[in-house]
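2 is the number of the first residue of the sequence shown in the working numbering; add one for each residue after it.
Contents: one structure, followed by commentary.
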Amino acid sequence: MVQSINRNRPRDAVQAQLNLGKAIAEQQEAISSGKRLVLPSDDPQGWLELSLIARQQTDEAASTANIGRAETRAVQAESSMNEIAAGLTRAKELIVLSNNDSVSAVDREGIAIELEGIRANFRDILDQGDPFGGKLFGTIAIEVPIGGTRNVVASPTYARIAENIPDGSGGTTSIEQLFQDAIDAMRTGTQPEREGMLRPVDKVIDHMTQMLTEQGVVKGRLNSAREQYSESRIVLASRRKEIEEVDVSEAITRLQALQVSLEAAQAVYAKIEQRSLMDYLR
Numbered sequence: 002m003v004q005s006i007n008r009n010r011p012r013d014a015v016q017a018q019l020n021l022g023k024a025i026a027e028q029q030e031a032i033s034s035g036k037r038l039v040l041p042s043d044d045p046q047g048w049l050e051l052s053l054i055a056r057q058q059t060d061e062a063a064s065t066a067n068i069g070r071a072e073t074r075a076v077q078a079e080s081s082m083n084e085i086a087a088g089l090t091r092a093k094e095l096i097v098l099s100n101n102d103s104v105s106a107v108d109r110e111g112i113a114i115e116l117e118g119i120r121a122n123f124r125d126i127l128d129q130g131d132p133f134g135g136k137l138f139g140t141i142a143i144e145v146p147i148g149g150t151r152n153v154v155a156s157p158t159y160a161r162i163a164e165n166i167p168d169g170s171g172g173t174t175s176i177e178q179l180f181q182d183a184i185d186a187m188r189t190g191t192q193p194e195r196e197g198m199l200r201p202v203d204k205v206i207d208h209m210t211q212m213l214t215e216q217g218v219v220k221g222r223l224n225s226a227r228e229q230y231s232e233s234r235i236v237l238a239s240r241r242k243e244i245e246e247v248d249v250s251e252a253i254t255r256l257q258a259l260q261v262s263l264e265a266a267q268a269v270y271a272k273i274e275q276r277s278l279m280d281y282l283r
């Protein structure tokens with residue numbers, strides 16, 4: 002008798018109730034966990050977008066870390082170049098002073114000693130390390146990737162900052178050579194030779210001014226990239242939340258609607274079953 006009753010049951014109605022029950026269980030789980038997506042099958046398109054967002058977030062996190070390291074080197078390089086620029090300005094003041102008729106040979110020796118001190122300080126600056134175990138002004142320009150195809154050189158090489166600088170007379174000089182020439186001029190040079198040191202000093206000062214300008218551009222690029230990633234991080238997090246997380250109020254409304262649908266389906270099914278049983282008993 003039971004088998005006969007089962008054969009008369011509408012399979013579609015049973016399946017509809019099972020589907021509703023499954024949907025209710027999934028909705029309850031989503032509300033409980035706060036996650037709308039747990040498996041790729043929950044929403045294949047949404048899952049794919051989540052994967053792409055996660056990959057982009059990982060890439061941008063790596064780029065942001067690179068920017069942080071580059072900023073550290075860039076700030077250190079700028080501070081060092083400012084110190085060199087100040088030292089060059091002081092060197093020019095000393096050279097101008099040495100050409101004063103009231104300055105004696107003893108005074109010029111004192112100027113030479115001060116120039117040696119400035120040169121020693123420059124040597125230390127140009128040979129200093131960075132916080133990551135390398136030279137701040139190394140022999141090779143280190144390009145730091147900051148996203149996509151963009152790279153930035155956070156600090157110039159030693160050669161770029163201290164060598165092959167135009168001397169104003171058609172040739173080139175270096176910071177090291179400039180100071181050696183100036184020191185020699187103080188100790189053994191004539192007044193015209195001391196006066197002749199002003200032109201190369203001015204050219205080296207101009208060179209350092211240009212280097213500081215370029216360093217400002219580097220810092221500007223890094224700031225711009227950091228701001229871009231900060232904005233992107235907010236947008237990606239918002240979109241990820243929108244795809245991945247449950248809108249609780251919306252989920253509760255949907256759950257209630259599913260429960261009403263299930264109750265209605267069960268009521269209809271019960272009536273059908275009751276009629277089927279009566280028909281059988283007749």
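We put the CB at the ideal spot given by N, CA and C, even for glycine.
A distance below 9 Å separates the beta carbons of Ile85 and Met209. With respect to Arg124, Glu177 sits close: the two C-beta atoms are nearer than 9 Å.
Pairwise C-beta distances place the region 139-158 in contact with the region 60-76, as three or more of them are shorter than 8 Å.
Cα atoms of Ala155 and Asp131: separation of roughly 11 Å, rounded to the nearest angstrom. Closest option to Ser239, judged by alpha-carbon separation, among Gln46, Ile54 and Ser103: Ile54. C-alpha of Arg188 to C-alpha of Phe138: approximately 31 Å in a straight line. Per DSSP, Val145 is one residue of the beta strand (DSSP E) stretching across Glu144 to Pro146.
Exposed is the label assigned to Ile141, since fewer than 16 other Cβ atoms lie within 10 Å of its Cβ. Taking a contact to require three or more Cβ pairs closer than 8 Å, the region 75-83 and the region 184-198 do not qualify as touching. Leu199 sits away from Val104, with the two beta carbons spaced by 9 Å or more.
The closest CA to that of Asn152, considering only Arg109, Asp203, Lys93 and Ala226, is found on Ala226.
Exclusion of the five residues before and after Lys204 leaves Ile166, Pro167, Asp168 and Gly169 as the residues of its chain whose Cβ lies within less than 7 Å of its Cβ.
For the region 72-114, not one full-length beta strand (DSSP E) segment reaches 3 residues or more.
Under the three-state reduction of DSSP, Thr214 is assigned to helix.
For Ser175, same chain residues with a beta-carbon under 8 Å away, outside a window of 5 residues either side, are Ala163, Glu164, Asn165 and Ile166 in chain order. A straight-line Cα-Cα distance of about 60 Å links Asn100 and Asp60.
Arg120 places its beta carbon less than 9 Å from that of Gln181. Counting every other CB atom within 10 Å of its CB across the protein chains shown gives Val236 a total below 16, marking it as exposed.
For Asn152, the enclosing beta strand (DSSP E) starts and ends at Asn152 to Val154. Rounded to the nearest whole angstrom, the CA to CA distance from Ala63 to Arg234 is 12 Å.
Taking C-beta atoms as the reference points, Lys93 and Val202 count as a pair closer than 9 Å. For Lys136, the pairing in a beta bridge is given by DSSP as Gly130. Comparing alpha carbon positions, the residue from Gln16, Gly47, Leu19 and Lys23 closest to Glu243 is Gly47. The C-beta distance from Leu89 to Arg241 rounds to 52 Å, too long to meet the 8 Å contact threshold.
Beta-bridge partners of Pro167 (DSSP): Thr173.
The shortest C-alpha to C-alpha distance from Ile184 to any of Asn122, Glu110, Asp207 and Glu215 is the one to Glu110.
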